[in-house]
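Novice: Before I ask anything, here is the structure I am working with.
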Ligand code: ADP
Ligand code: MG
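In UniProt numbering, the protein residues as written are 195 to 424.
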């Protein structure tokens, strides 16, 4: 018990530190980007470098936003929303990306459940999971997201027909910086698991090499709202 308390205190401090570092680093990046955009086109000799510099800056910003989410697991902005609507939103949001990669996105919804939590955090967690599914799937493949009730919980299953994972990769999933991608950060899965667990839910991975991966997300429903009713 004591250890648990100490550990959560430590995470809180680390979280605050990471959030302030992310914030501080973002400011100079924005300034650099602004000046680069001003300078673009001034010197013909360097014109080929600008897209590269700007895309590397975008990559740095991307890594920092993963960190910011990682750093802020507290759910301050609570709202009550329909999980089904969130799943539809996600499909619409990710459809252009899937199409660009030659992948068909499917969604199936069998729940009118509502949840009270930070909607954006949950959205971020599911985006990370869906993006991984799309990135793991070769052209012509499919990624599906399914929502259905299970006892007093909501279940979301994301399936892909992609590369799958070996036993070893599967055991590493969710570890900080674990990535098999050339440009990977190894943060997405960790952030997703952390967000969903902070909401009292859980994330499970099942995978077969060269067949695909199934990610099962279990979410508790309106616990908070029920408690308030009492
Ligand atoms: P990144 O996407 O930057 O590599 P993540 O934390 O999102 O970092 O994912 C970590 C690793 O987990 C990936 O590099 C990949 O090896 C593996 N992974 C996650 N989801 C899947 C999936 N749906 N299919 C196959 N591998 C996956
Ligand atoms: Mg990822």
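We treat Cβ as the ideally placed atom computed from N, Cα and C, and that holds for glycine.
Below 8 Å CB to CB, which residues in the same chain sit around residue 379 once its five sequence neighbours on both sides are set aside?
Specialist: 256, 257, 260, 371, 373
Novice: Is DSSP giving residue 285 helix, strand or coil here?
Specialist: helix
Novice: Is residue 404 a contact residue of the ligand ADP, with contact defined as CB to any heavy atom under 7 Å?
Specialist: no
Novice: Straight-line CA distance for residue 242 to residue 220?
Specialist: Cα-Cα distance, rounded: 25 Å.
Novice: Output the distance between the C-alpha atoms of residue 296 and residue 309, rounded to the nearest integer angstrom.
Specialist: 33 Å
Novice: Report yes if the C-beta of residue 325 is less than 7 Å from at least one heavy atom of the ligand MG; otherwise report no.
Specialist: yes
Novice: Is DSSP giving residue 407 helix, strand or coil here?
Specialist: strand
Novice: Measure the C-alpha to C-alpha separation of residue 279 and residue 228 and round it to an integer number of angstroms.
Specialist: 37 Å
Novice: Do residue 356 and the ligand MG come close, with the Cβ less than 7 Å from some heavy atom?
Specialist: no
Novice: Whole angstroms are fine: how far does the CA of residue 408 sit from the CA of residue 353?
Specialist: 4 Å
Novice: Using only the heavy atoms of the ligand ADP, determine whether one of them is closer than 7 Å to the beta carbon of residue 367.
Specialist: The ligand ADP has a heavy atom closer than 7 Å to the beta-carbon of residue 367.
Novice: Taking the alpha carbon of residue 341 as the reference point, which residue from 237, 245, 284 has its own alpha carbon closest?
Specialist: 284
Novice: Roughly how far, in whole angstroms, is the beta-carbon of residue 350 from the beta-carbon of residue 320, given that I think they are within contact range, below 8 Å?
Specialist: 7 Å
Novice: Does any residue of chain C have a CB that is nearer than 8 Å to the CB of residue 250?
Specialist: Note that chain C does not occur in the displayed structure, where there is just one protein chain.
Novice: Please state whether the Cβ-Cβ distance between residue 288 and residue 272 is less than 8 Å.
Specialist: no
Novice: Return the chain-ordered ranges of every alpha helix (DSSP H) run that is complete within the stretch 335-379 and spans a minimum of 4 residues.
Specialist: 361-366
Novice: Run the proximity test for residue 309: is its beta-carbon closer than 7 Å to any non-hydrogen atom belonging to the ligand ADP?
Specialist: no
Novice: Would you mind sorting residue 355 into buried or exposed? The rule is 16 or more other CB atoms within 10 Å of its CB.
Specialist: Buried.
Novice: Nearest-angstrom Cα distance between residue 404 and residue 330?
Specialist: 10 Å
Novice: Using a threshold of 8 Å, state whether the C-beta atoms of residue 359 and residue 401 are closer than that.
Specialist: yes
Novice: Which residues in the same chain have their Cβ closer than 8 Å to the Cβ of residue 306, if we skip the five residues on either side of it in sequence?
Specialist: 276, 278
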